[in-house]
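For the sequence shown, counting from 1, position 119 maps to 118 in numbering that gives the first Met the number 0; every step adds exactly one. From the three backbone atoms N, C-alpha and C, an ideal C-beta is built for every residue, glycine too.
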Amino acid sequence: MPKIVDPGARRRAVADAVLRVIGREGVEGASLRNVAEEAGLAIGSVRHYFRDHDELLLFTMRELSTRIDGRVRAHVDRLLDPAARDERPAQVEELIGEFLALDEERRQEAVLWMAFCGAARIRPELRACALEMETGLRDLLARVLRGAQEAGALPADLNVDLECLRLSALLDGLNLRAMLEPEYVTPEAQRAVLRRHLEGLRAR
0 MPKIVDPGAR RRAVADAVLR VIGREGVEGA SLRNVAEEAG LAIGSVRHYF
50 RDHDELLLFT MRELSTRIDG RVRAHVDRLL DPAARDERPA QVEELIGEFL
100 ALDEERRQEA VLWMAFCGAA RIRPELRACA LEMETGLRDL LARVLRGAQE
150 AGALPADLNV DLECLRLSAL LDGLNLRAML EPEYVTPEAQ RAVLRRHLEG
200 LRAR
């Protein structure tokens, strides 16, 4: 009896192989041949599930975003719970911390995301996806900050759009420095910088 293959599971398994290759060699190293070898498949098998190399990279980029989104949604649900009002400052910090390299999983995600964004500068098919996801991050931050404003935890005159840009730039900068200087920009240091930034917003 022929083996039944779940196409969705196989596509995700190939995406995992792409992420491993990119983590070691960057986007440039994620050729179909290298990905197929990493996944333990023939190139023809990879082509069966992905029309071309661009589709493979886009699917993998979105798969990475989906993984992060799954964790973030759990934090959002807790923030929306009226009973958790007193815990919101800590919950906001934990939510935003999902975008920082605070453990090995998130450190690897940050490396991968920066690799994709670097490639997106010269690859239009990746740039549209990267911009869509960056917009999604800023929208999430705006939702969190406006919710804090409505709850009276942030000044009513706070320029939310400007602060979202400032906060997203802070996250990018911390991740970049953590990649280059992990002994200096430790998880504890990243948390301290984020906490100081959020405290500064509340003190305005």
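Taking the CA atoms as reference points, Val-26 sits about 8 Å from Val-20. Less than 9 Å separates the beta-carbon of Leu-173 from that of Leu-193.
Residue state for Val-184 is assigned as coil, using DSSP reduced to three classes. Cα atoms of Ala-89 and Ala-202: separation of roughly 16 Å, rounded to the nearest angstrom. Look at the stretch 33–120 and you find these whole runs of alpha helix (DSSP H), each 4 residues long or longer: 42–48, 52–78, 87–96 and 103–119.
Exposure of Tyr-183 is indicated by the presence of fewer than 16 other C-beta atoms within 10 angstroms of its C-beta. Less than 9 Å separates the beta-carbon of Arg-87 from that of Leu-78. Taking C-alpha positions only, Leu-164 is separated from Ser-44 by approximately 42 Å. When DSSP states are grouped into helix, strand and coil, Asn-158 belongs to the coil group. In the structure shown, the three-state DSSP call for Arg-122 is coil.
Around the beta-carbon of Arg-66, fewer than 16 other beta-carbon atoms lie within 10 Å, marking it exposed. Between the stretch 125–139 and the stretch 55–62 there are three or more inter-stretch CB-CB distances shorter than 8 Å, so the stretches are counted as touching. The three-state reading of DSSP puts Ser-167 in helix, counting H, G and I together.
Taking a contact as a CB-CB distance under 8 Å, the pair Val-34 and Ala-16 counts as one, their CB atoms being some 5 Å apart.
Contact between Ser-167 and Leu-140 holds: CB atoms are separated by about 6 Å, below the 8 Å threshold. Counting only the Cα atoms, Ala-127 lies some 25 Å from Leu-94.
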